[in-house]
Amino acid sequence: MKAAVFASGTGSNFQALLDTDDLTCEISLLVCDQPGAAVIEKASKAGIPIFLFNPKDYDSKEAYEKEILRVLENRGVSWIFLAGYMRIVGSTLLHAYEGKIVNIHPSLLPSFPGKDAIGQAFQAGVETTGVTVHYIDEGIDTGPIIAQEVVEILPTDTQDSLTKRIQQVEHQLYPKVINELLS
Ligand code: GRF
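Using the numbering used here, the first residue of the sequence shown is number 32, and each one after it goes up by one.
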């Protein structure tokens, strides 16, 4: 089973998937919209093909998603895993990959959707936050939830220490959930 990861940034979740020995799918493509993103170097080092695109080169979201779709179909990709992809997926991809596009988000959705979810939770002074893996729909972090894991916010936490613990949970949870989904 072939999968593509869509990412715009650091790519620590992408790397965690690559480093999971018993992952039951092959990460056969990185799709990225940011030429300077650190995730690109991670993919290059691992020998994973990269489809890098600049949305500004296209007339519309539909136009660049049609191009992405062509690349995915050429490579026989059947699942899409979003890992820090900072764009809303449009109807072109949603229809073509219905029920096959999954995202990871660093909060217990529906709390703290959108950007800087860890900062939002930290500022709100809540005692627990966590990680959510969910299917995507046309909204921002609104699709059906597949799995969640709680992370406590300790009185001694800084936003940095909380971020580190959340990332550790993400790197374990995403491969685990993907394997369950594919089994
Ligand atoms: C992760 O926290 C993920 O949950 C969110 O974006 C972040 C990406 O981090 N959607 P990285 O690029 O995988 O390090």
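No residue lacks a Cβ here, since even glycine has one placed at the ideal position from N, Cα and C.
Predicted model only: the values in this text are computed from it and were never measured.
Taking a contact to mean a Cβ-Cβ separation below 8 Å, would you say residue i touches residue j in this structure?
i             : j                : result
histidine 165 : isoleucine 149   : no
tyrosine 95   : phenylalanine 82 : no
glycine 115   : asparagine 210   : no
valine 70     : alanine 38       : yes
In whole angstroms, what is the alpha-carbon distance linking residue i and residue j?
i                 : j              : result
serine 208        : threonine 189  : The amino acid at residue 208 is misidentified as serine; the sequence shows valine. Roughly 28 Å between the two C-alpha positions.
phenylalanine 112 : glutamate 57   : 12 Å
threonine 51      : lysine 92      : 32 Å
alanine 77        : serine 214     : 25 Å
phenylalanine 143 : isoleucine 132 : 21 Å
leucine 60        : serine 75      : 11 Å
isoleucine 79     : isoleucine 135 : 21 Å
glutamine 151     : glutamate 183  : 14 Å
alanine 155       : valine 102     : 42 Å
So which of the options has the shortest CA-CA distance to residue i?
i             : options                           : result
lysine 33     : Leu125, Lys97 and Glu104          : Glu104
arginine 196  : Ile171, Thr159 and Ala178         : Thr159
threonine 194 : Phe45, Glu129 and Ser138          : Ser138
leucine 185   : Ser122, Glu201 and Gly161         : Gly161
glutamine 203 : Phe37, Arg106, Val36 and Gln46    : Gln46
aspartate 191 : Lys87, Val36 and Phe153           : Phe153
threonine 163 : Tyr205, Ile132, Lys146 and Gly170 : Tyr205
cysteine 107  : Tyr128, Val120, Thr123 and Gly40  : The residue you asked about is not cysteine; residue 107 is glycine in the sequence shown. Glycine 107 has its Cα closest to that of Tyr128, out of Tyr128, Val120, Thr123 and Gly40.
threonine 121 : Ser109, Glu98 and Ile135          : A small correction: the amino acid at residue 121 is glycine; threonine does not occupy that position in the sequence shown. Comparing Cα positions, the closest option is Glu98.
leucine 125   : His136, Leu100 and Pro144         : Leu100
lysine 87     : Gln198, Glu183, Ile79 and Pro66   : Pro66
glycine 40    : Glu93, Leu60, Leu49 and Ala68     : Ala68
lysine 73     : Ser59, Gly42 and Leu48            : Gly42
valine 181    : Asp172, Gln199, Gly174 and Thr173 : Gln199
alanine 178   : Asp168, Val157 and Leu212         : Leu212
leucine 140   : Ile171, Gly156 and Gly78          : Ile171
glycine 130   : Ile167, Thr55 and Leu49           : Ile167
threonine 55  : Val102, Asp64, Ile79 and Trp110   : Trp110
aspartate 64  : Leu48, Met117, Val102 and Leu49   : Met117
On the criterion of 16 or more Cβ atoms from any shown chain inside 10 Å, does residue i qualify as buried, or is it exposed?
i             : result
threonine 187 : exposed
valine 62     : buried
glutamate 201 : buried
isoleucine 29 : Past the boundaries of the shown model lies residue 29; the chain is included only from 32 to 214, so the question cannot be answered.
lysine 146    : exposed
aspartate 90  : exposed
aspartate 53  : exposed
glycine 174   : buried
In chain order, which alpha helix (DSSP H) runs of at least 4 residues are fully inside the region 141-207? Qualifying alpha helix (DSSP H) stretches, in chain order: 148-155.
Going along the chain, which unbroken runs of the alpha helix (DSSP H) with 4 or more residues stay wholly within the region 34-70? Correct list: 43-49.
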